[in-house]
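See below for the structure under consideration.
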Amino acid sequence: MMAALDDVESHDTKLRSQGAVRVLEIGAGLGVNFPFVRRKIEYWNIDPNAQFHSGLLEAIKRNPKVQLERNIVGYGEDMHQIPDGHFDVVLTSHLLCSVSCPEKVLQECKRVLVKGGRLLFMEHVAQPKGTVARFLQDLIAPIWWYSFCGCCPNRTSGEVIKNAGFAKVHMKEAQVDLPCVVSRQMYGYAVA
Numbered sequence: 001m002m003a004a005l006d007d008v009e010s011h012d013t014k015l016r017s018q019g020a021v022r023v024l025e026i027g028a029g030l031g032v033n034f035p036f037v038r039r040k041i042e043y044w045n046i047d048p049n050a051q052f053h054s055g056l057l058e059a060i061k062r063n064p065k066v067q068l069e070r071n072i073v074g075y076g077e078d079m080h081q082i083p084d085g086h087f088d089v090v091l092t093s094h095l096l097c098s099v100s101c102p103e104k105v106l107q108e109c110k111r112v113l114v115k116g117g118r119l120l121f122m123e124h125v126a127q128p129k130g131t132v133a134r135f136l137q138d139l140i141a142p143i144w145w146y147s148f149c150g151c152c153p154n155r156t157s158g159e160v161i162k163n164a165g166f167a168k169v170h171m172k173e174a175q176v177d178l179p180c181v182v183s184r185q186m187y188g189y190a191v192a
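Sequential numbering of the sequence shown, starting at 1, is according to full-length UniProt numbering.
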């Protein structure tokens with residue numbers, strides 16, 4: 001997923017001259033994506049959990065290509081603190097499963113992206129209907145939600161992204177070596 005950052009050209013002439021891009025990550029947590037950043041990024045984060053801030057700053061220190069511009073305590077469904085058309089890239093990883101309204105998050109992503117900007121995403125998604133794995137997802141969903149910070153393992157996030165009104169969606173599917181409840185993954189990008 002992070003390799004897709006290499007193909008993005010900034011709409012900001014100053015950043016473009018530096019080979020950099022402006023990135024907003026929604027829910028960075030402790031910065032697990034930073035080791036995969038291969039170019040300079042002007043970085044913003046919005047996360048409802050202020051407890052992650054010190055760990056995020058430590059991760060940034062270990063990854064000099066990530067230059068923190070702003071860290072906001074807030075939710076992806078309401079990013080009123082962030083200007084329209086400001087980012088070349090919005091980054092989400094395993095986010096849409098745990099937000100209260102994924103459709104609203106995606107509308108906000110489109111709002112803060114420049115025209116032609118990219119949403120880079122990786123999400124675990126619901127297994128196909130009628131499968132044993134989907135039955136297990138549906139069965140365990142209430143307990144999973146309570147145990148894992150509001151994560152809904154049976155959310156159809158791939159379909160939500162496809163139907164969000166982006167100009168283009170490029171999505172791939174992978175089965176990863178995890179329990180079937182979260183093994184089906186969708187990743188790719190959507191163009192604003």
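From the three backbone atoms N, C-alpha and C, an ideal C-beta is built for every residue, glycine too.
Residue from the options whose Cα sits closest to the Cα of residue i
i: V114; options: F135, A190 and R39; result: A190
i: Y187; options: K61, I140, Q137 and V125; result: V125
i: V169; options: A192, C149 and R184; result: A192
i: P9; options: H53, L178, K162 and R39; result: Strictly speaking, residue 9 in this sequence is Glu, with Pro absent from that position. Answer by Cα proximity: R39.
i: L91; options: L24, L15 and C180; result: L24
Boundaries (first-last residue) of the alpha helix (DSSP H) holding residue i
i: I60; result: H53 to K61
i: K110; result: P102 to V112
i: L15; result: T13 to S17
For residue i, the residue or residues it bridges with in DSSP
i: R22; result: E42
i: E69; result: Beta-bridge pairing links E69 to no other residue.
i: T92; result: F121
i: M171; result: G188
i: F87; result: L113
i: D47; result: V73
Bounding residues of the beta strand (DSSP E) (the contiguous stretch that carries residue i)
i: V191; result: R184 to V191
Check: residue i C-beta below 8 Å from any heavy atom of the ligand PLP
i: E123; result: Ligands are entirely absent from the displayed structure, and the ligand PLP is therefore not among its contents.
I'd like the ranges of any alpha helix (DSSP H) spanning at least 4 consecutive residues and lying wholly in the stretch 135 to 169. You should have 157 to 162.
Does the stretch 147 to 161 come close enough to the stretch 120 to 137 that 3 or more CB-CB pairs lie under 8 Å? As far as the Cβ criterion goes, the stretch 120 to 137 touches the stretch 147 to 161, which means the pair count is three or higher.
Count Cβ pairs between the stretch 42 to 56 and the stretch 74 to 88 that sit closer than 8 Å; are there 3 or more? The stretch 42 to 56 vs the stretch 74 to 88: in contact.
Touching by the beta-carbon criterion (3+ pairs, under 8 Å), the stretch 12 to 22 and the stretch 50 to 61: No: the two stretches stay apart, fewer than three of their Cβ pairs being nearer than 8 Å.
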